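>
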Amino acid sequence: MTMTLTPGDLVRRSHTAAPPASSTPAPPPGAAAGHLERLGRPVVLCDLYDRTGFTYYDQLARFDPGEIPVLLRAISGRRGRVLELAAGAGRLTLPMLALGLSVTALDLSEELLALLQERSEARGVAAGRCTVVVADMTDFDLRDRFDTVVLGSISATVLDGVGRRLLMTATMRHLCPDGVFLLTLGHYDTSRAYDRHYAIRGATGAPFDLFEHYEAGAGYRTVTVIPQQPDGDFVPVCISRPRVVDPDIVLAEAAEAGFQVTRVTPIAEVTETFRECLYRLEVGS
Numbered sequence: 002m003t004m005t006l007t008p009g010d011l012v013r014r015s016h017t018a019a020p021p022a023s024s025t026p027a028p029p030p031g032a033a034a035g036h037l038e039r040l041g042r043p044v045v046l047c048d049l050y051d052r053t054g055f056t057y058y059d060q061l062a063r064f065d066p067g068e069i070p071v072l073l074r075a076i077s078g079r080r081g082r083v084l085e086l087a088a089g090a091g092r093l094t095l096p097m098l099a100l101g102l103s104v105t106a107l108d109l110s111e112e113l114l115a116l117l118q119e120r121s122e123a124r125g126v127a128a129g130r131c132t133v134v135v136a137d138m139t140d141f142d143l144r145d146r147f148d149t150v151v152l153g154s155i156s157a158t159v160l161d162g163v164g165r166r167l168l169m170t171a172t173m174r175h176l177c178p179d180g181v182f183l184l185t186l187g188h189y190d191t192s193r194a195y196d197r198h199y200a201i202r203g204a205t206g207a208p209f210d211l212f213e214h215y216e217a218g219a220g221y222r223t224v225t226v227i228p229q230q231p232d233g234d235f236v237p238v239c240i241s242r243p244r245v246v247d248p249d250i251v252l253a254e255a256a257e258a259g260f261q262v263t264r265v266t267p268i269a270e271v272t273e274t275f276r277e278c279l280y281r282l283e284v285g286s
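All the letters of the sequence shown, read from the start, carry residue numbers 2 to 286 under this note's numbering.
Listed below in C-alpha cells is the structure:
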C-alpha cells in the first residue's frame, strides 16, 4: 500500500521507540527491504534518533503540528510553570514558550537540548523562561514542583512497564497539589498486520520515503525513513521500532501512582489502525 501524505503524526509517533539492542539496528522488513534492494546504492543503517537519524527526524517533525494545537488549548488557561519531559529539540517547548509560559525542558540528550536553547534564543525568549535539564525522565529530582507536566509524542511508551511506573512516581513527586499531567497516548488496532509506504516531505520540502511494517500481535512496529535525495555516497536508512502499548495499561500504571483521568481529548485518527488522544491526569482525591 502506498500513500502520499504530509508527515503528520506518522513520523512523530515513531518516536515511541524501544531502546535499540545495539548501535546498529537490524535491517527493515517488508516493503522497505524491497525498496533498498531496488536502490542500487550503498546504504548505512542508523537509529532514527542517533546523530545521523535525528537530522531527518527533526526536519520531518518540525513540519508536523500533531498534538500541538490540542496541547496549547489544554494548557493556555493554566498559570504557573511547566515541566516538559522528553523535550528533545523543542517541538512542543517552543509553542508553549510562545504562549508566555515558563518551561523547564528535560531530556537525556545534551545535543537536542542545546538545539532547543539555540532555537529559543533565536526567537527572543528570555533565558529565565526556558530552563534545560539533562536527565532521565524515569529518575530525576529537581527539588521543585510544577503546575503542569507535559509528556507528548506518545513518549511514555518509549519505556517498559518498570520505567513507566518510575516515570509516574517521579512526575507525581514534581507536581503541585492541584497540578495537571498532560500525556499523549496512541490507540492501535493490534489485530491487523500491515506494510505501508508513504511519500512525505520535510520542513525544507525535501522528499522522503517512510515505511511502516507491523505483524499482528508483535508488540512493536518497524518504521523506516529514507531520504530520496541524500548527500554523500551512502543512503542513510533510519529505523525505529516503536512499542505498541495499550493505553489502558499506561493509565492503570498512572492510577497506581495516584493519578486519575479527568479529561480525554482526541487528537487525530491518522490511519484506520491508529488514533491519538491527549489525557489530562490530576492528583487523585
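C-beta: ideal position from N, C-alpha, C; glycine also. Predicted model only: the values in this text are computed from it and were never measured.
If contacts are defined as beta-carbon pairs under 8 Å, then Val-236 and Val-44 qualify, I think. What distance do you get, rounded to the angstrom?
Looking up residue 236 in the sequence shown gives position 235. Looking up residue 44 in the sequence shown gives position 43. Between Val-44 and Val-236 the Cβ distance is about 5 Å, and since that is below 8 Å, they are a contact.
> Let's test the definition: count the other Cβ atoms within 10 Å of the Cβ of Gln-230 and tell me whether it reaches 16, buried, or not, exposed.
Numbered from its first residue, the sequence shown carries residue 230 at position 229. The residue is exposed, with fewer than 16 neighbouring Cβ atoms inside 10 Å.
> Do Ala-106 and Met-169 count as a contact pair if the criterion is CB distance below 8 Å?
The residue given as residue 169 occupies position 168 in the sequence shown. The residue given as residue 106 occupies position 105 in the sequence shown. Not in contact: Met-169 and Ala-106 (Cβ atoms no closer than 8 Å).
> Thinking C-alpha only, which one of Val-251, Pro-248, Thr-223, Asp-249 is nearest Cys-239?
Against the sequence shown, residue 239 aligns to sequence position 238. With distances taken between Cα atoms, Cys-239 lies closest to Thr-223.
> Around the Cβ of Ile-287, are there at least 16 other Cβ atoms within 10 angstroms (buried) or fewer (exposed)?
There is no way to answer for residue 287, as the model of the chain reaches only from 2 to 286.
> Let me confirm a value: Arg-13 is counted as buried when at least 16 other C-beta atoms fall within 10 Å, else exposed. Which label applies?
For the purposes of this step, residue 13 is taken as the residue at position 12 of the sequence shown. With a pLDDT of only 41 at Arg-13, under the threshold of 50, the placement of this residue in the model should not be trusted; the figure read from the coordinates follows. Buried, because 16 or more other Cβ atoms sit within 10 Å of the Cβ of Arg-13.
> Could you check the C-alpha separation between Thr-56 and Arg-42 for me, to the nearest Å?
Translated into the one-based positions of the sequence shown, residue 56 becomes position 55. Translated into the one-based positions of the sequence shown, residue 42 becomes position 41. The alpha-carbon atoms of Thr-56 and Arg-42 are separated by roughly 21 Å.
> Between Leu-84, Gly-162, Ala-75, Val-133, which lies nearest to Cys-278 when the distance is taken from Cα to Cα?
Mapped onto the sequence shown, residue 278 falls at position 277. Comparing Cα-Cα distances from Cys-278 to each of Leu-84, Gly-162, Ala-75, Val-133, the minimum goes to Ala-75.
> In the structure shown, what three-state DSSP assignment does Ala-22 receive?
Numbered from its first residue, the sequence shown carries residue 22 at position 21. Reliability fails at Ala-22, whose pLDDT of 41 lies under 50, so the model's placement of it is uncertain and the value that follows must be treated cautiously. Looking at Ala-22 - three-state DSSP - the assignment turns out to be coil, as it is neither helix nor strand.
> Return helix, strand or coil for Ile-268, following the three-state DSSP convention.
For the purposes of this step, residue 268 is taken as residue 267 along the sequence shown, with counting starting at 1. Three-state DSSP puts Ile-268 in a strand.
> Exposed or buried, Val-265, counting other C-beta atoms within 10 Å across all chains shown (16 or more means buried)?
On the sequence shown, position 264 is the one that residue 265 refers to. With fewer than 16 Cβ atoms within 10 Å of its Cβ, Val-265 is classed as exposed.
> Give me, in chain order, the residues of the same chain whose beta-carbon lies closer than 7 Å to that of Arg-216; leave out the 5 immediate sequence neighbours on both sides.
Taking the first residue of the sequence shown as 1, we reach residue 216 at position 215. The identity of residue 216 in the sequence shown is Glu, whereas the question assumes Arg. Excluding positions up to five away in sequence, the list reads Ala-194.
> Is Ala-115 helix, strand or coil by DSSP?
Position 114 of the sequence shown, counted from the start, is the residue given in the question as residue 115. Reduced to three states, the DSSP call for Ala-115 is helix.
> State whether the region 176-189 contacts the region 145-161, with contact taken as three or more CB pairs (one from each stretch) at a distance under 8 Å.
With a cut-off of 8 Å, the region 145-161 and the region 176-189 count as touching, because enough Cβ pairs lie within range.
> Please confirm whether Leu-183 and Arg-281 have their CB atoms less than 8 Å apart.
Walking along the sequence shown from the start, residue 183 turns up at place 182. Walking along the sequence shown from the start, residue 281 turns up at place 280. Contact flag set, yes.
> Restricting to Cα atoms, I'd like to know which of His-36, Asp-51, Ala-34 is closest to Thr-25.
Stepping through the sequence shown from its first residue, residue 25 is reached at position 24. Per the Cα distances, Asp-51.
> Quick one, are the C-beta atoms of Leu-72 and Leu-93 less than 8 Å apart?
For the purposes of this step, residue 72 is identified with residue 71 of the sequence shown, where counting begins at 1. For the purposes of this step, residue 93 is identified with residue 92 of the sequence shown, where counting begins at 1. Cβ distance < 8 Å, so Leu-72 and Leu-93 count as in contact.
> Between Ala-204 and Arg-120, what straight-line distance do the alpha-carbon atoms span, to the nearest angstrom?
For the purposes of this step, residue 204 is taken as the residue at position 203 of the sequence shown. For the purposes of this step, residue 120 is taken as the residue at position 119 of the sequence shown. Roughly 15 Å separates the two Cα atoms.
> Along the chain, which unbroken stretches of the alpha helix (DSSP H) at least 4 residues long are found entirely within the region 145-186?
Here the runs fully enclosed are 162-175.
> Which residues mark the beginning and the end of the alpha helix (DSSP H) in which Phe-235 is found?
Residue 235 sits at position 234 when you count from the first residue of the sequence shown. Taken as a continuous stretch (DSSP letters only), Phe-235 belongs to no alpha helix (DSSP H), as it is neither H nor E.
> Taking only the alpha-carbon atoms, compute the straight-line gap between Asp-137 and Gly-129 and give it to the nearest angstrom.
Numbered from its first residue, the sequence shown carries residue 137 at position 136. Numbered from its first residue, the sequence shown carries residue 129 at position 128. Each residue's alpha carbon lies about 22 Å from the other.
> Report all residues from its chain with a CB closer than 6 Å to the CB of Leu-102; omit the five preceding and five following residues, and keep chain order.
Your numbering for residue 102 matches position 101 in the sequence shown. For Leu-102, where only same-chain residues beyond five positions count, the Cβ hits under 6 Å are Val-83.
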